[in-house]
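Q: First residue of the sequence shown? That's 73 in the working numbering, and the numbers climb one at a time after it.
C-beta atoms are modelled at their ideal positions from N, C-alpha and C, and glycine is treated no differently.
On a predicted model such as this, the values are computed, not experimentally measured, just so you know.
Before anything else, here's the structure in question.
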Amino acid sequence: MLPSANRLRHRKDFSAIYRSGLRYSSKHLGLTALRLKSVASTPPENSPICIGISISLKVSKKAVVRNRIKRQLRSALRYMLPQLRPGWRLVFTVQPGAHACDYGEFLQELKQLLTKAGVLVDGY
């Protein structure tokens, strides 16, 4: 599990990110990233990174398969959390065909997407 401070939970948060965020994609994953704006009371560097995962029935009709994919992604993201810049809101969308991926492929695609978006700290 991701720490509770790093989770997106509400539909309005997902909608805001989809509406205003930048989109990046790879073979099995999509990333929508939104950088928080600077506000006088809380600069983006002080707000934690928040992450959400979206996976539809198009990936697999079986909940067991969808939940396995979500667990693998959460595990990879928890591993990468210290390497991510604060002040971002991220939504990962799983593409159809991802059920054939293993943990190593997800980890590689996550690193590529986060590097493209500029969320991953340099040097990792």
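Is Gly190 helix, strand or coil when you go by DSSP?
A: Correct three-state label for Gly190: coil.
Q: Taking Ile125 and Arg146 to be in contact with their CB atoms under 8 Å, please state how far apart those CB atoms are, rounded to whole angstroms.
A: 7 Å
Q: Let me confirm a value: Gly159 is counted as buried when at least 16 other C-beta atoms fall within 10 Å, else exposed. Which label applies?
A: buried
Q: With DSSP as the reference, label Gly102 as helix, strand or coil.
A: strand
Q: Keeping to the same chain, check which residues put their C-beta closer than 6 Å to that of Met152; ignore five residues upstream and five downstream.
A: Excluding sequence neighbours, Met152 sits near nothing in its chain.
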